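In my numbering, the protein residues as written are 82 to 201.
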Amino acid sequence: MTRTFFIQNERRVIVAFFLIFWGCITFMVGREYIKMSVEDRKSAIDDFKTPNFIFTIGFLVAGCFLATLGNAFTFYGLNIIGIIFIGIGGVVSFITMWRENKIKSVYILSLTILAAYLFS
């Protein structure tokens, strides 16, 4: 068998993983959102619009999505943008957590560094 055959199969596995992984996450979040009451939905949307959420969880999730999308479809520009988003989200999470708990903030920073390394 040729090397191209193995590369094509590896790429298919990565794309399948991307679709299954992010499809399951999207399905679970959508299902829970539909189960919420109207007040809870409004509260969740208001929480999602806060700068703290956007610059911490929002950037981390968007970065992971873009990095896996870049890896799956061999578009390395998206991968770099995703890693930058992960870095921004991790640093902001580190700074906001530092005020509350210094050990957890170091843990968050180390996980961010590990994620950036694994996605690169």
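In this text, a Cβ means the ideal position worked out from N, Cα and C, and glycines have one as well.
Predicted model only: the values in this text are computed from it and were never measured.
(request) Express the C-alpha separation of Leu192 and Leu159 in angstroms, rounding to a whole number. (result) Within the sequence shown, the letter at position 78 stands for residue 159. Within the sequence shown, the letter at position 111 stands for residue 192. Spanning the two alpha carbons is a distance of roughly 21 Å.
(message) At the level of alpha carbons, what is the spacing between Asn152 and Asp127?
(response) Working through the sequence shown from its first residue, we reach residue 152 at position 71. Working through the sequence shown from its first residue, we reach residue 127 at position 46. Distance between the alpha carbons of Asn152 and Asp127 is about 32 Å.
(message) What residue range does the alpha helix (DSSP H) around Thr177 cover?
(response) Counted from its first residue, the sequence shown places residue 177 at position 96. Counting along the chain, the alpha helix (DSSP H) containing Thr177 begins and ends at 157 to 179.
(message) If you follow the alpha helix (DSSP H) that Lys123 is in, where does it begin and where does it stop?
(response) What you label residue 123 is simply residue 42 of the sequence shown in a count that begins at 1. Note, Lys123: alpha helix (DSSP H), 119 to 129.
(request) Please report the residue range of the alpha helix (DSSP H) in which Ile138 lies. (result) The count along the sequence shown starts at 1 and reaches residue 138 at position 57. Judged by DSSP secondary structure, Ile138 falls outside any alpha helix (DSSP H); it is assigned neither H nor E.
(message) Please report the straight-line C-alpha distance between Lys185 and Val142, rounded to a whole angstrom.
(response) Here residue 185 refers to the residue found at position 104 of the sequence shown. Here residue 142 refers to the residue found at position 61 of the sequence shown. For Lys185 and Val142, the gap between their C-alpha atoms comes out near 19 Å.
(request) Assess, as a yes-or-no matter, whether the region 154 to 168 is touched by the region 108 to 119 under the definition of 3 or more beta carbon pairs within less than 8 Å. (result) No, the region 108 to 119 does not touch the region 154 to 168.
(message) Only counting the same chain, and skipping five residues up and downstream in sequence, which positions put a Cβ closer than 8 Å to that of Trp179?
(response) Working through the sequence shown from its first residue, we reach residue 179 at position 98. Residues of the same chain with a CB within less than 8 Å of the CB of Trp179, apart from the 5 flanking positions on each side, are Ser186 in chain order.
(message) Does Cys105 pass the burial test, meaning 16 or more other C-beta atoms within 10 Å, or should it be called exposed?
(response) Looking up residue 105 in the sequence shown gives position 24. Exposed, because fewer than 16 other Cβ atoms sit within 10 Å of the Cβ of Cys105.
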